[in-house]
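Q: In full-length UniProt numbering, the protein residues as written are 1 to 263. The beta-carbon is built from N, C-alpha and C at its ideal position, and this holds for glycine as well. Mind looking over this structure? Questions follow.
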């Protein structure tokens, strides 16, 4: 609830909140997002409990991996590594995951994974920018698993198109799970399961919108408060008069296996 706070105060608050990591607890009471039914982090913890060597790709601030490793206790992989491309997040993840014995490697999201062939029997990722299937297949050992939750097509596009206008069909269809499935299979991987859901989101004040767009920078890539002040002010008035701004996220869950030769 805004408590009749001014547009200027709410925007200033949204700008002041740090954006490092993937902890979304600040949004409590200001924005909501329905969660996928499959419970990715809990399921990842169950798989970590059975893994020998695990890798988390694009770990962000390490929060999801930290939770999953906690669920895996007292079992845990003999070795666990994570990659992250943004240095502030890599530093945050290193500090958070050090006590769990996780090695965090700063690696660009579009670069080859800095690990040897067949190094891992479990590769995880939550919301990778793009899955590089050839690299995932390379670092998995035969019989190994890639288990990941991806962002789906046209996710939160109600908000994106509010600021940017209608998007072309090729943009709206990006991150299509069917296309990603075909790419995984082309890399020699087997799809064990693929599930998809669209989930309701609500933004209860303009501070939540500002912080979300600052944190999830690919939604409106050139976003600044100054550049979009008229749209932000109009949206603030709309929320005050009509209630929460509603959008829908898209998520899909991949359970993928690298075949054993001759099996």
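Taking just the CA atoms, how far does residue 77 sit from residue 50?
A: Rounded to the nearest angstrom, the two C-alpha atoms are 7 Å apart.
Q: Output the residue ranges of the alpha helix (DSSP H) runs that lie fully inside the UniProt domain "Methyltransferase type 11" (55-147) and measure 4 residues or longer, sorted by chain position.
A: If we require 4 residues or more, the alpha helix (DSSP H) runs fully inside the UniProt domain "Methyltransferase type 11" (55-147) come out as 63-72, 87-97 and 133-139.
Q: From 109, 146 and 98, pick the residue whose C-alpha is nearest to that of residue 120; which is it?
A: Of the candidates 109, 146 and 98, the one whose C-alpha sits nearest the C-alpha of residue 120 is 146.
Q: Taking the alpha-carbon of residue 111 as reference, which of 200, 122 and 84 has the nearest alpha-carbon?
A: Of the listed residues, the one whose Cα sits closest to residue 111 is 84.
Q: Nearest by alpha-carbon distance to residue 67: which of 57, 40 and 88 is it?
A: Of 57, 40 and 88, the residue nearest in Cα terms is 40.
Q: Output needed for residue 113: all residues of its chain with C-beta closer than 6 Å, excluding positions within five of it in sequence on either side, in chain order.
A: 135 and 139, listed in sequence order.
Q: Name the two residues that bound the continuous alpha helix (DSSP H) containing residue 163.
A: 157-164 is the span of the alpha helix (DSSP H), which, as asked, contains residue 163.
Q: Buried or exposed for residue 125, going by 16 or more other Cβ atoms inside 10 Å?
A: That one is buried.
Q: Rounded to whole angstroms, what is the Cα-Cα separation between residue 162 and residue 73?
A: Using only the alpha carbons, I get a separation of about 44 Å.
Q: Quick check on the burial criterion: 16 or more other C-beta atoms within 10 angstroms. Buried or exposed for residue 25?
A: When all chains shown are included, residue 25 counts as exposed.
Q: In the DSSP assignment, the beta strand (DSSP E) including residue 193 goes from what residue to what residue?
A: Element bounds for residue 193: 190-203.
Q: Smallest Cα separation from residue 229: which of 206, 36, 191 and 118?
A: Of the listed residues, the one whose Cα sits closest to residue 229 is 206.
Q: Can you tell me whether DSSP reads residue 261 as helix, strand or coil?
A: Of the three classes helix, strand and coil, the one that applies to residue 261 here is coil, per DSSP.
Q: CA-CA distance, residue 1 and residue 179?
A: With a pLDDT of 46 at residue 1, under the threshold of 50, the modelled position of this residue cannot be trusted, and the question is left open.
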